[in-house]
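**Student:**
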Amino acid sequence: MECEWYNWNRKILSFRLGGDKVLVHNEKGVTLLEVLLSITILSIILLSITNFFPQMGMMNKHNEEKSQGMNFAKQVLVDWKTSQRVIDFLKAPAPANRPEEYKSEDDSYYYFSTIKNDFDVHIKIKKESDLHSTPSKAHLIQIQLQENNDTVSETYGYLTIGE
């Protein structure tokens, strides 16, 4: 019995059986075209996935910065709500009692500005109490954090003053 292999992708087997030549067709192989198409499809899928990861990294960084800004704004709010010099100023708003961060005022608000942790901190405190009862008064305080003239975070609360 003698065997010969032809055409690697079709695996045509030729052998002699008894004196007659018999051809057997085996088409279980993979063609070059199929290999190239599968590599191309796999490349497209991998490139799509690899483009996704840098975007996720940027989103994570942005969310982290925003979260830090919100936490810092809350901390500034707590500091101002518990500041005795701010409470004294709201009780007696004379120029001698002004905190060093004081910038200006209008008919409704006092404006303060400072720089902390590379943020421009803008604070606005309402002159008149929103609570019209005694013995306490609640003044609206708004905190705005800016970085490079872009607002990073804003928060607000009430500064309670006992009479």
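Per our numbering, the very first residue in the sequence shown carries number 1; after that it's consecutive. Every residue gets a Cβ at the ideal spot worked out from N, C-alpha and C, and that includes glycine.
(1) On the premise that I161 lies in contact with R126, defined as a C-beta separation below 8 Å, what is that separation, rounded to the nearest angstrom?
(2) Can you tell me which of L140, D118 and A96 puts its alpha carbon nearest to the alpha carbon of W110?
(3) Return the chain-ordered list of same chain residues with a C-beta closer than 6 Å to the C-beta of W8, the five sequence neighbours on each side being excluded.
(4) For L33, which of helix, strand or coil comes out of DSSP?
(5) For the stretch 55-63 and the stretch 37-47, state whether three or more C-beta atom pairs, one from each stretch, are separated by less than 8 Å.
(6) So what does D150 bridge to, in DSSP terms?
(7) Note down the Cα distance separating I115 from V121, rounded to an integer number of angstroms.
(8) Give me the Cα-Cα distance between L131 and M70, rounded to the nearest whole angstrom.
(9) When the distance is taken between beta carbons, is F112 closer than 9 Å to F72?
(10) Roughly how many angstroms lie between the CA atoms of D150 and K66, to the nearest whole one?
(11) Ordered along the chain, which non-local residues of its own chain (more than five positions away) have a Cβ less than 7 Å from that of R85?
(12) Tell me which residue opens and which closes the alpha helix (DSSP H) that K91 is part of.
(13) Tell me whether Y109 sits in a helix, a strand or coil according to DSSP, three-state version.
(14) Figure out for me which residue from E128, D106 and S133 has the closest Cα to the Cα of K91.
(15) Going by other Cβ atoms of all chains shown within 10 Å of its Cβ, with 16 needed for buried, is I143 buried or exposed?
(16) Just to confirm before moving on: does the CB-CB distance between I123 and E154 stay below 9 Å?
**Tutor:** So, to answer that:
(1) Within the sequence shown, residue 126 is the residue found at index 126, counting from 1. Within the sequence shown, residue 161 is the residue found at index 161, counting from 1. The sequence shown places Lys at residue 126, not Arg. Contact doesn't hold; Cβ gap of about 12 Å is too wide.
(2) Within the sequence shown, residue 110 is the residue found at index 110, counting from 1. The sequence given here places Tyr at residue 110; Trp does not occur at that position. Among L140, D118 and A96, the Cα nearest to that of Y110 belongs to L140.
(3) Walking along the sequence shown from the start, residue 8 turns up at place 8. Note that W8 has pLDDT 47, beneath the 50 cutoff, so the model's placement of it is unreliable and the number below is only indicative. Counting only Cβ-Cβ distances below 6 Å, and skipping sequence neighbours, we find nothing.
(4) For the purposes of this step, residue 33 is identified with residue 33 of the sequence shown, where counting begins at 1. Three-state result, L33: helix.
(5) no
(6) The sequence position of residue 150 within the sequence shown is 150, counting from 1. Note: D150 sits in a beta bridge opposite E147.
(7) Here residue 115 refers to the residue found at position 115 of the sequence shown. Here residue 121 refers to the residue found at position 121 of the sequence shown. Roughly 6 Å between the two C-alpha positions.
(8) Here residue 131 refers to the residue found at position 131 when the sequence shown is read from its first residue. Here residue 70 refers to the residue found at position 70 when the sequence shown is read from its first residue. Roughly 26 Å between the two C-alpha positions.
(9) Position 72 of the sequence shown, counting from 1, holds the residue named residue 72. Position 112 of the sequence shown, counting from 1, holds the residue named residue 112. It is not a contact, given that the beta carbons lie outside the stated cut-off.
(10) As a first step, residue 150 is located in the sequence shown; it is residue number 150 there, counting from the start. As a first step, residue 66 is located in the sequence shown; it is residue number 66 there, counting from the start. Taking the straight line from one Cα to the other gives about 12 Å.
(11) Sequence index remark: in the sequence shown, residue 85 carries index 85 (1-based). So the list reads P99, once near-sequence residues are dropped.
(12) Here residue 91 is taken as the residue at index 91 of the sequence shown, counted from 1. Per DSSP, K91 belongs to the alpha helix (DSSP H) from Q84 to K91.
(13) Translated into positions along the sequence shown, residue 109 becomes position 109. Note: Y109 maps to strand in three-state DSSP.
(14) Position 91 of the sequence shown, counting from 1, holds the residue named residue 91. That would be E128, whose Cα lies nearest to the Cα of K91.
(15) Locating residue 143 in the sequence shown gives position 143, counting from the first residue. Classification of I143: buried, given that the 10 Å Cβ count is 16 or more.
(16) If you number the sequence shown from 1, residue 123 lands on position 123. If you number the sequence shown from 1, residue 154 lands on position 154. Cβ atoms of I123 and E154: not closer than 9 Å.
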